[in-house]
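Okay, structure first, notes after.
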Amino acid sequence: MGEYSLINRRNFLKSAVIGSGGLLFLSSLPEKLLANTEKTTQITILHTNDVHSHIDPFPKNDPKYPNMGGAARRASLIEKIRSQEKNVLLLDAGDIFQGTPYFNKYGGELDFKLMSLMQYDVATIGNHDFDNGIEGLKNMLPHAHFPFVNCNYDFSQTILYNYILKYKLFEFEGLKIGVFGVGVELEGLVSKNLYGETKYIDPVLTVQQTATHLKKEEHCDLIICLSHLGYSYNENKISDIILAKNTKYIDAIIGGHTHTFLEKPTEIKNIEQKMTIINQVGWAGIFLGRIDFYLTNKKSDKYYRSSIA
Amino acid sequence: MIKKNNNISVLCVLTIVFIFFSCKTSLHYTNTYFNQSVDSTQITDILAEKLIAPYRDSLEKEMNQVIAVSEIEMPKEKNKSETLLGNFVADLCYQIVTEDMHLKVDFCLLNNGGLRTSLPKGEITRGKIFELMPFDNELVIVQMTPLKAIEMLDYIKNVGGQPISGSKLDFTKSTEILLKEISISDTLNILTSDYLASGGDKMTFFLQPTSTIQTHKKVRDAIIEYCLKENKKGNQLKSTIDGRIQFNQ
Numbered sequence: 001m002g003e004y005s006l007i008n009r010r011n012f013l014k015s016a017v018i019g020s021g022g023l024l025f026l027s028s029l030p031e032k033l034l035a036n037t038e039k040t041t042q043i044t045i046l047h048t049n050d051v052h053s054h055i056d057p058f059p060k061n062d063p064k065y066p067n068m069g070g071a072a073r074r075a076s077l078i079e080k081i082r083s084q085e086k087n088v089l090l091l092d093a094g095d096i097f098q099g100t101p102y103f104n105k106y107g108g109e110l111d112f113k114l115m116s117l118m119q120y121d122v123a124t125i126g127n128h129d130f131d132n133g134i135e136g137l138k139n140m141l142p143h144a145h146f147p148f149v150n151c152n153y154d155f156s157q158t159i160l161y162n163y164i165l166k167y168k169l170f171e172f173e174g175l176k177i178g179v180f181g182v183g184v185e186l187e188g189l190v191s192k193n194l195y196g197e198t199k200y201i202d203p204v205l206t207v208q209q210t211a212t213h214l215k216k217e218e219h220c221d222l223i224i225c226l227s228h229l230g231y232s233y234n235e236n237k238i239s240d241i242i243l244a245k246n247t248k249y250i251d252a253i254i255g256g257h258t259h260t261f262l263e264k265p266t267e268i269k270n271i272e273q274k275m276t277i278i279n280q281v282g283w284a285g286i287f288l289g290r291i292d293f294y295l296t297n298k299k300s301d302k303y304y305r306s307s308i309a
Numbered sequence: 310m311i312k313k314n315n316n317i318s319v320l321c322v323l324t325i326v327f328i329f330f331s332c333k334t335s336l337h338y339t340n341t342y343f344n345q346s347v348d349s350t351q352i353t354d355i356l357a358e359k360l361i362a363p364y365r366d367s368l369e370k371e372m373n374q375v376i377a378v379s380e381i382e383m384p385k386e387k388n389k390s391e392t393l394l395g396n397f398v399a400d401l402c403y404q405i406v407t408e409d410m411h412l413k414v415d416f417c418l419l420n421n422g423g424l425r426t427s428l429p430k431g432e433i434t435r436g437k438i439f440e441l442m443p444f445d446n447e448l449v450i451v452q453m454t455p456l457k458a459i460e461m462l463d464y465i466k467n468v469g470g471q472p473i474s475g476s477k478l479d480f481t482k483s484t485e486i487l488l489k490e491i492s493i494s495d496t497l498n499i500l501t502s503d504y505l506a507s508g509g510d511k512m513t514f515f516l517q518p519t520s521t522i523q524t525h526k527k528v529r530d531a532i533i534e535y536c537l538k539e540n541k542k543g544n545q546l547k548s549t550i551d552g553r554i555q556f557n558q
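Heads up: the protein sequence lines correspond to chains A and B, in order.
Residue numbers 1 to 309, in my numbering, belong to the letters of the first sequence in order.
Residue numbers 310 to 558, in my numbering, belong to the letters of the second sequence in order.
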């Protein structure tokens, strides 16, 4: 396996052991661990959120993000990582649609075609993905060669019934990864005539049911929640932070909606006092998030390292 | 951690890495986003570029089309009782719906926040109108009671003005008089966007209306239609501050 050399290649900056039995945060991989990596499996999670139809890079004279982003650049970056890593999952946390004339003119066709070209594995639905109505979303689905997951929208009375999965399972070298999705309340955010008979279900309970199912029934080794709830709010509104605190079994929440540029992933002690991490990479595809999971058969502890100090 | 098949326990190490687009041959780690050099070194994926190119070409051709010429600059301005830009958009929406679509409208109310950029003096491209109005909001006519209309007038007064058309609002007069100047009917026809009609920008007086008439006309399309029409007539785009909203000094 090529992971050993990969680990050595990288410089990790920050160190903090949080506690045993849960997710640990380390600055550098202990030598002992490096010596025991024969049976390590690396799983690389790449992720985007709130790309908002930003196909082209921002203009060179953009005051905030000059010449940043761009789907063709993202594609080459992803391709490069795929050529280096064996087990790659590519995820999106919603709001693929709306934000440039590409969406107004093509309705998301090019966005989905590009994501298919980049071989996205699964995405969740953001509020703006309803901007051409559920029909507008459904009409674009044939261009998406990857599934959508959501566990808290009831589509049973809509034309999207049976088109949206609750979760998606992946398997790498005998390890099972469960990815599920959760979406923001649509009322007040999206016109009713656009989301139609889509019913919003309170996230905490249904997220826990899904995570428990993935843990206990599907025996997932790694559980990832794609969330379009938003990172956090001043008011007491459900967010990724609140979700992480009130649930268990979720290893990572890949977030969106609030366009939050996290300088480092947020560590939350979940309801079992174990760590759930939250990550979100702003918007418009100007960053690609990356999480490398190293799973071995040596220890029961989970470790978490971040280079973002 | 018990596994059914291989009974292994699992050690997970998560390495969180934000990858910047300017990455060269190896991965860079950074705790800031802005001090990275961008991005002549970043490779453009050939297949993706090939996929995008025809869409971009077609879009650019359309977006770069000059659809009108403006006699003046109409800047996006905040905290003014009326603006050149707001008057321009409200007037043209009122005109398109009443004169071209022959629908009855007593008053038009939009919001400044929804107008996203300034219009320059000179040539106006289709793309500029997309910047001005990126949302796909549609024009609707909300039919409301005089009681609700009084709430609407109080709202406009309290926020210090919004883009309006169809009637003047001299707030030195009483709300009841202003209401009669708009319409003496029991049902008022207020032209607005479906976003505002659903209570957007705190316009709660639009909620629970007597009824709502859909025009199925996007605000952006109304602006583009108006520009094309004026251009065809050889007219340049104009707007004036005409004192349509006045407050006690």
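Glycine included, every Cβ here is placed at the ideal spot set by N, Cα and C.
So, helix, strand or coil for residue i, using DSSP?
i	result
Thr454 (chain B)	coil
Lys511 (chain B)	helix
Lys113 (chain A)	helix
Gly196 (chain A)	coil
His143 (chain A)	helix
Ile499 (chain B)	strand
Lys538 (chain B)	helix
Thr247 (chain A)	coil
Gln273 (chain A)	coil
Cys417 (chain B)	strand
Tyr167 (chain A)	strand
Ser232 (chain A)	coil
Asp56 (chain A)	coil
Thr206 (chain A)	helix
Ser492 (chain B)	coil
Phe180 (chain A)	strand
Does the Cβ of residue i lie closer than 7 Å to at least one heavy atom of the ligand MG?
i	result
Thr206 (chain A)	As for the ligand MG, it is missing from this structure, which has no ligand bound.
If you draw a straight line from the C-alpha of residue i to the C-alpha of residue j, how long is it?
i	j	result
Thr100 (chain A)	Glu440 (chain B)	9 Å
Leu401 (chain B)	Val190 (chain A)	26 Å
Leu194 (chain A)	Asp50 (chain A)	19 Å
Ala458 (chain B)	Leu110 (chain A)	44 Å
Ile597 (chain B)	Pro429 (chain B)	This structure gives no information on residue 597 (chain B), because the portion of chain B shown stretches from 310 to 558.
Ser239 (chain A)	Leu229 (chain A)	5 Å
Thr40 (chain A)	Gly108 (chain A)	39 Å
Leu186 (chain A)	His411 (chain B)	34 Å
Asn61 (chain A)	Ile253 (chain A)	34 Å
Phe556 (chain B)	Asn540 (chain B)	35 Å
Val167 (chain A)	Ala211 (chain A)	Per the sequence presented here, residue 167 (chain A) reads as Tyr, with Val not at that position. Whole-angstrom Cα-Cα distance: 9 Å.
Thr266 (chain A)	Ala72 (chain A)	29 Å
Any idea if residue i is buried or exposed, counting beta-carbon neighbours within 10 angstroms, 16 or more meaning buried?
i	result
Ser76 (chain A)	buried
Thr549 (chain B)	exposed
Lys64 (chain A)	exposed
His52 (chain A)	buried
Arg425 (chain B)	exposed
Asp129 (chain A)	buried
Lys113 (chain A)	buried
Ile355 (chain B)	exposed
Leu546 (chain B)	buried
Phe97 (chain A)	buried
Glu485 (chain B)	exposed
Ser493 (chain B)	In the sequence as presented, Ser is not what sits at residue 493 (chain B); that position holds Ile. Classification of Ile493 (chain B): exposed, given that the 10 Å Cβ count is below 16.
Asp366 (chain B)	exposed
Asn270 (chain A)	buried
Ile164 (chain A)	buried
Residues in the segment 65 to 77 of chain A having any Cβ partner in chain B nearer than 9 Å: Cβ contacts with chain B: Tyr65, Pro66, Asn67, Met68, Gly69, Gly70, Ala71, Ala72, Arg73, Arg74, Ala75, Ser76, Leu77.
For the pair the segment 80 to 87 of chain A and the segment 51 to 62 of chain A, tell me if three or more CB-CB distances fall below 8 Å. They do not touch, by the three-pair rule.
For the structure I just gave you, are there three or more beta carbon pairs, one from the segment 395 to 415 of chain B and one from the segment 497 to 511 of chain B, closer than 8 Å? With a cut-off of 8 Å, the segment 497 to 511 of chain B and the segment 395 to 415 of chain B count as touching, because enough Cβ pairs lie within range.
Quick one: which residues of the segment 47 to 63 of chain A get their C-beta closer than 9 Å to a C-beta of chain B? List them in chain order. Listed by position, the residues of the segment 47 to 63 of chain A near chain B (Cβ gap below 9 Å) are Ile55, Asp56, Pro57.
Give me the subset of the segment 104 to 117 of chain A whose CB atoms are less than 9 Å from a CB atom of chain B, sorted by chain position. Here the close residues are Asn104, Lys105, Tyr106, Glu109, Leu110, Lys113, Leu114, Leu117.
How about the segment 476 to 493 of chain B and the segment 506 to 522 of chain B: do they share at least three Cβ pairs that are nearer than 8 Å? No, they do not touch.
Counting pairs of beta carbons, one from the segment 268 to 279 of chain A and one from the segment 60 to 77 of chain A, are three or more of them closer than 8 Å? Note that the segment 268 to 279 of chain A does not touch the segment 60 to 77 of chain A; fewer than 3 beta-carbon pairs, one per stretch, sit closer than 8 Å.
With three or more C-beta pairs closer than 8 Å as the rule, is the segment 178 to 190 of chain A touching the segment 137 to 151 of chain A? As far as the Cβ criterion goes, the segment 137 to 151 of chain A touches the segment 178 to 190 of chain A, which means the pair count is three or higher.
Contacting positions in the segment 455 to 481 of chain B - beta carbon closer than 9 Å to chain A: Taking 9 Å as the Cβ-Cβ cut-off against chain A, none of the residues of the segment 455 to 481 of chain B qualify.
Closer than 8 Å is the cut-off here; do at least three beta carbon pairs connect the segment 372 to 379 of chain B with the segment 442 to 461 of chain B? Three or more Cβ pairs closer than 8 Å define a contact, and the segment 372 to 379 of chain B falls short of that threshold against the segment 442 to 461 of chain B.
Give me the subset of the segment 79 to 93 of chain A whose CB atoms are less than 7 Å from a CB atom of chain B, sorted by chain position. Per Cβ criterion, the list reads Glu79.
With contact counted as at least three CB pairs below 8 Å, one residue from each stretch, are the segment 467 to 486 of chain B and the segment 516 to 524 of chain B in contact? Result no; under three Cβ-Cβ pairs closer than 8 Å.
Taking beta-carbon pairs under 7 Å, can you tell me which members of the segment 505 to 534 of chain B lie near chain A? Within the segment 505 to 534 of chain B, the residues whose Cβ lies closer than 7 Å to some Cβ of chain A are Ser507, listed in chain order.
Along the segment 122 to 136 of chain A, where does the CB come closer than 9 Å to a CB of chain B? Name the residues. Answer in chain order: Asp131, Asn132.
Mind checking the segment 377 to 411 of chain B against chain A and listing, in chain order, the residues whose C-beta falls within less than 8 Å of any C-beta there? Listed in chain order, the positions of the segment 377 to 411 of chain B with a beta carbon within less than 8 Å of a beta carbon of chain A would be empty, since no residue qualifies.
Contact set between the segment 200 to 230 of chain A and chain B, restricted to residues whose Cβ is under 8 Å from the partner: If the cut-off is 8 Å between Cβ atoms, the segment 200 to 230 of chain A has His219, Asp221, Leu222 near chain B.
At a CB distance below 7 Å, what residues from the segment 161 to 176 of chain A approach chain B? Give them in sequence order. Hits within the stretch, in order: Gly174.
So if I threshold CB-CB distances at 8 Å, which residues from the segment 436 to 452 of chain B count as touching chain A? If the cut-off is 8 Å between Cβ atoms, the segment 436 to 452 of chain B has Gly436, Phe439, Pro443, Asp445 near chain A.
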